[in-house]
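Heads up: the sequence shown begins at 14 in this note's numbering, then just goes up one per residue.
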Amino acid sequence: MRHIVILISGGGSNMAAIARACVLNHWEDKWNARIAAVISNRPQARGLQIAADMGLATQVVDHTAFNDRPDPRTAFDDVLRQTIDAYEPSLVVLAGFMRILTAGFVVHYEGRLLNIHPSLLPAFAGLHTHQRALDAGCRFAGATVHQVTTELDHGPILAQAVVPVLPDDHAESLAARVLTQEHLIYPQAIEEYLKSQSSID
Numbered sequence: 014m015r016h017i018v019i020l021i022s023g024g025g026s027n028m029a030a031i032a033r034a035c036v037l038n039h040w041e042d043k044w045n046a047r048i049a050a051v052i053s054n055r056p057q058a059r060g061l062q063i064a065a066d067m068g069l070a071t072q073v074v075d076h077t078a079f080n081d082r083p084d085p086r087t088a089f090d091d092v093l094r095q096t097i098d099a100y101e102p103s104l105v106v107l108a109g110f111m112r113i114l115t116a117g118f119v120v121h122y123e124g125r126l127l128n129i130h131p132s133l134l135p136a137f138a139g140l141h142t143h144q145r146a147l148d149a150g151c152r153f154a155g156a157t158v159h160q161v162t163t164e165l166d167h168g169p170i171l172a173q174a175v176v177p178v179l180p181d182d183h184a185e186s187l188a189a190r191v192l193t194q195e196h197l198i199y200p201q202a203i204e205e206y207l208k209s210q211s212s213i214d
């Protein structure tokens with residue numbers, strides 16, 4: 014069985030879209046894949062309750078619990094990695110996980126760590142993507158699913174969706190339009206990944 018672990022920090026809308034696709038598209042029957050757990054770095058993340066309501070296992074690894082360590086980021090990532098590995102994951106999916114991961118963590122999951130970014134990478138890596146696209150006068154914006162590498166918001170691109178930038182757009186309206194596309198392309202990209210792995214087996 015291929016175990017998928019999803020990492021979230023907030024509302025979990027992409028996680029929920031992936032979980033729905035897993036059921037509706039019969040990933041377990043087609044690709045021998047299931048969502049093993051949803052893990053958040055924030056105990057109050059609304060997505061945890063959504064995941065629980067969908068019958069998914071949930072866990073919390075609170076990053077603030079490591080603030081007193083000499084190297085909080087590495088200490089957090091070490092415990093997060095141990096928590097994930099308990100599920101023997103074939104794929105780790107970042108779905109609104111608002112942490113910059115250490116190189117050691119990324120290398121540990123090389124080739125099986127995916128992320129979605131709300132821009133048409135390589136444009137606008139990092140934060141505040143929608144406002145930056147508006148400030149640059151872009152006529153189009155979008156979202157990118159990519160494999161995670163040690164360079165932030167880089168790595169092989171698996172899928173992209175393009176949306177128009179409208180004359181009266183502001184950052185919030187553009188973000189909402191992009192998010193609807195994220196909910197479509199992220200599950201599709203994961204299914205394509207599972208399909209490709211099945212052909213290797």
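C-beta: ideal position from N, C-alpha, C; glycine also.
Here the structure is a predicted model, which is why all the values come from computation and not from measurement.
What is the DSSP secondary structure of LEU165, counted as helix, strand or coil?
-> Reading the sequence shown from its first residue, position 152 is the one you call residue 165. Coil, per DSSP.
Under a Cβ-count criterion, where at least 16 other Cβ atoms within 10 Å of its own Cβ denotes burial, should SER132 be classed as buried or exposed?
-> Numbered from its first residue, the sequence shown carries residue 132 at position 119. Its Cβ being crowded by 16 or more others within 10 Å, SER132 is buried.
Identity of the residue in GLN62, GLN144, MET28 and GLY139 nearest ILE198 by Cα = If you number the sequence shown from 1, residue 198 lands on position 185. When each option's Cα is compared against that of ILE198, the closest is MET28.
Identify whether ILE113 lies in helix, strand or coil by the three-state DSSP scheme.
-> What you label residue 113 is simply residue 100 of the sequence shown in a count that begins at 1. Three-state DSSP puts ILE113 in coil, outside helix and strand.
Hey, THR71 and ALA99: beta-carbon distance below 8 angstroms or not?
-> Here residue 71 is taken as the residue at index 58 of the sequence shown, counted from 1. Here residue 99 is taken as the residue at index 86 of the sequence shown, counted from 1. Taking 8 angstroms as the Cβ cut-off, THR71 and ALA99 do not qualify as a contacting pair.
Evaluate GLN62 with the Cβ neighbour count: other Cβ atoms within 10 Å of its Cβ, from every protein chain shown; 16 or more gives buried, anything less gives exposed.
-> Along the sequence shown, one-based indexing puts residue 62 at 49. Exposed.
Closest by C-alpha distance to GLY124, when choosing among HIS159, LEU93 and ALA149 = As a working note, residue 124 is residue 111 in the sequence shown. Looking at HIS159, LEU93 and ALA149, the one whose alpha-carbon comes closest to that of GLY124 is HIS159.
Beta-carbon contacts of ASP182 that lie in its chain and below 7 angstroms, excluding the five residues immediately before and after | In the sequence shown, counting from the first residue as 1, residue 182 sits at position 169. Excluding positions up to five away in sequence, the list reads LEU147.
CA-to-CA distance, GLU41 to GLY68, given in whole angstroms = Numbered from 1 along the sequence shown, position 55 holds the residue referred to as residue 68. Numbered from 1 along the sequence shown, position 28 holds the residue referred to as residue 41. Their Cα atoms are separated by approximately 15 angstroms.
What residue from ARG82, LEU126, VAL161 and HIS121 has the CA that sits closest to ALA138's CA?
-> Within the sequence shown, numbered from 1, the residue matching residue 138 stands at position 125. Of ARG82, LEU126, VAL161 and HIS121, the residue nearest in Cα terms is VAL161.
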